[in-house]
Amino acid sequence: MTTPTSDESTSFSELDQRFMRLALALGRRGLGNTWPNPAVGAVVVKDGTILGRGWTQPGGRPHAETEALKRAGRAARGATLYVTLEPCSHHGKTPPCVDAILRADIKRVVSACGDPNVEVAGQGYAKLREAGVIVEEGLCADEARRDHAGHIRRMKDGRPHVMLKLAVSADGKAGAPGRKPLPITGEDARTRVHLMRAQADGIMVGLGTVLADNPVLNCRLPGLEERSPVRVILDAGLRTPLASSVIGTARAVQTWVVCAFEASNIGEDILRAKGVDVIRVSSEAGRLDLPQVLAKLSERGITRLMVEGGPTVAAALVAADLVDEAALFHSPQSVGEGIDALEGLPLSALTQSERLERVASETIGADTLDTYERG
Numbered sequence: 001m002t003t004p005t006s007d008e009s010t011s012f013s014e015l016d017q018r019f020m021r022l023a024l025a026l027g028r029r030g031l032g033n034t035w036p037n038p039a040v041g042a043v044v045v046k047d048g049t050i051l052g053r054g055w056t057q058p059g060g061r062p063h064a065e066t067e068a069l070k071r072a073g074r075a076a077r078g079a080t081l082y083v084t085l086e087p088c089s090h091h092g093k094t095p096p097c098v099d100a101i102l103r104a105d106i107k108r109v110v111s112a113c114g115d116p117n118v119e120v121a122g123q124g125y126a127k128l129r130e131a132g133v134i135v136e137e138g139l140c141a142d143e144a145r146r147d148h149a150g151h152i153r154r155m156k157d158g159r160p161h162v163m164l165k166l167a168v169s170a171d172g173k174a175g176a177p178g179r180k181p182l183p184i185t186g187e188d189a190r191t192r193v194h195l196m197r198a199q200a201d202g203i204m205v206g207l208g209t210v211l212a213d214n215p216v217l218n219c220r221l222p223g224l225e226e227r228s229p230v231r232v233i234l235d236a237g238l239r240t241p242l243a244s245s246v247i248g249t250a251r252a253v254q255t256w257v258v259c260a261f262e263a264s265n266i267g268e269d270i271l272r273a274k275g276v277d278v279i280r281v282s283s284e285a286g287r288l289d290l291p292q293v294l295a296k297l298s299e300r301g302i303t304r305l306m307v308e309g310g311p312t313v314a315a316a317l318v319a320a321d322l323v324d325e326a327a328l329f330h331s332p333q334s335v336g337e338g339i340d341a342l343e344g345l346p347l348s349a350l351t352q353s354e355r356l357e358r359v360a361s362e363t364i365g366a367d368t369l370d371t372y373e374r375g
């Protein structure tokens, strides 16, 4: 029997679509909280009735499929499993999800997209089909690939999915003269940014942002404080002030400082004593090698990286074609004299890039959010 493998060749029902969208919504609960594993969602359904729901748990396990099957229990026999990513087929820290699916005697698996992990990469589907399970792929694939963009990028390119967040005034400024901090957007936009932080594995800024703004870089939404991402500071010479907020709270929120190989060993020892993890990479003329920075973060399990500043780091990422997604908050207010959002580059280097296309625009309070994604 030949099983269809994509939306183009499979006629999915309205119920199939409804249950897959539920699985996607469940999976999003884990965004920013499951790294290094992807945030997967799963639903077990039989005769139109939901028997079990699951999503990847904090730290990446248990996996979504086993969670959903555990809730369904023996009733899962002969049911359909909807899952947002190909079930794993290899032994890692936990047994393969494929084995759990077969033990539960699932009749049909509907999967949104394949897993590019070389330890899976079609093998999960193959083992299920060999055992007689009907496997259908491609339902809500675009949505799933967007949700799993961090995992996919890390598996394919050895780096995190990079989301650049910028707040820009009506006249294209990101701050006051002298790099002094200046509130650009309103409270509604700032709330959205905190939600973005909660869904990111890591948040990265340059030393200039630490010196100018002294940010905490955590998530301050009620109930989501524990979802604060790992804070990553780019500081080639280890000049981050010990009195800064990020260093002072390093034992409460994971904090990594990336410096040059030649940076002071004594400085590293002092930061480590404060609870900071120090990572060394190559540098040239005082600027860190960004591809190497991203590779190091990937090695540590970061899949979704949010970049909040400043103009120098933002411009360097844009120039190096390392931006996969951009969240551009536009304020209706003008600043006048001030610093540009991208150091040494026009904003059009981002907004008119051949690599990025605008995929959404929405009003948030008095501000506008334009979202760009890599084509």
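The sequence shown runs contiguously to residue 375 in this note's numbering.
Just so you know, even glycine gets a beta-carbon here, dropped at the ideal spot from N, CA and C.
To which residues of the same chain is residue i closer than 6 Å at the C-beta, ignoring the five residues directly before and after it?
i	result
methionine 163	Met306 and Glu325
threonine 5	For threonine 5, the predicted structure reports a pLDDT of 40, less than 50, and the residue's modelled location is therefore unreliable. A value from the coordinates is still provided. Glu137, listed in sequence order.
aspartate 370	Leu328, Arg358 and Ser361
arginine 153	His161
proline 376	Because the chain is modelled from 1 through 375, residue 376 falls outside the range shown and cannot be assessed.
alanine 144	Thr84, Ala112 and Cys113
Rounded to a whole number of angstroms, what is the C-alpha to C-alpha distance between residue i and residue j?
i	j	result
serine 248	threonine 66	It is glycine, not serine, that sits at residue 248 in the sequence shown. So the two alpha carbons sit approximately 39 Å from each other.
glycine 124	alanine 200	27 Å
serine 348	proline 177	21 Å
glutamate 373	arginine 103	40 Å
glycine 30	glycine 267	36 Å
aspartate 16	valine 83	11 Å
alanine 260	glutamate 284	9 Å
lysine 274	valine 216	15 Å
threonine 363	alanine 131	50 Å
leucine 26	valine 133	24 Å
valine 293	aspartate 115	25 Å
proline 291	arginine 159	8 Å
proline 311	aspartate 340	7 Å
valine 40	glycine 338	43 Å
valine 257	valine 276	7 Å
alanine 68	proline 62	10 Å
glycine 78	valine 135	13 Å
glutamate 225	serine 11	43 Å
valine 109	arginine 287	49 Å
aspartate 188	alanine 314	23 Å
glycine 60	valine 120	16 Å
glycine 54	alanine 23	8 Å
Using a Cβ-Cβ cutoff of less than 7 Å, which residues in the same chain neighbour residue i once the five nearest sequence positions on both sides are dropped?
i	result
arginine 190	none
methionine 196	Lys165, Met306 and Ala327
proline 96	Cys88, Ser89 and His90
Can you round the beta-carbon distance between residue i and residue j to whole angstroms, since I take them to be within the 8 Å contact cut?
i	j	result
proline 229	glycine 202	5 Å
alanine 42	leucine 81	6 Å
aspartate 367	glycine 186	6 Å
isoleucine 50	alanine 76	At roughly 11 Å, the Cβ-Cβ gap does not stay under 8 Å, so isoleucine 50 and alanine 76 are not in contact.
alanine 167	isoleucine 184	4 Å
valine 98	serine 89	5 Å
leucine 139	methionine 20	5 Å
Is there at least one Cβ from chain D nearer than 7 Å to residue i's Cβ?
i	result
proline 346	You won't find chain D in this structure, because it holds only one protein chain.
Considering only residues of the same chain and omitting the five flanking positions on each side of residue i, which have a CB-CB separation below 8 Å?
i	result
arginine 355	Asp321, Val323, Arg374 and Gly375
- Query: Residue ranges of each alpha helix (DSSP H) run of no fewer than 4 residues wholly in the stretch 116 to 148, ordered along the chain?
  - Reply: 123 to 130 and 141 to 147
- Task: Any chance you could list the alpha helix (DSSP H) runs of at least 4 consecutive residues sitting entirely within the stretch 143 to 225, in chain order?
- Result: 149 to 157, 187 to 198 and 207 to 213
- Message: I want to know whether the stretch 340 to 354 touches the stretch 225 to 239 - three or more CB-CB distances under 8 Å.
- Response: no
- Item | At least three beta-carbon pairs within less than 8 Å, the stretch 287 to 306 to the stretch 143 to 151 | yes
- List in chain order: all unbroken alpha helix (DSSP H) runs of 4+ residues lying wholly within the stretch 331 to 371. 348 to 351
- Item | 3-residue-minimum beta strand (DSSP E) runs that sit fully inside the stretch 279 to 320, ordered along the chain | 304 to 309
- Message: To test your reading of the DSSP string, which unbroken beta strand (DSSP E) runs of 3 or more residues are found completely within the stretch 81 to 116?
- Response: 108 to 111
- Please go through the stretch 39 to 80 and give each complete beta strand (DSSP E) segment of 3 or more residues, from N-terminal end onward. 41 to 46 and 49 to 55
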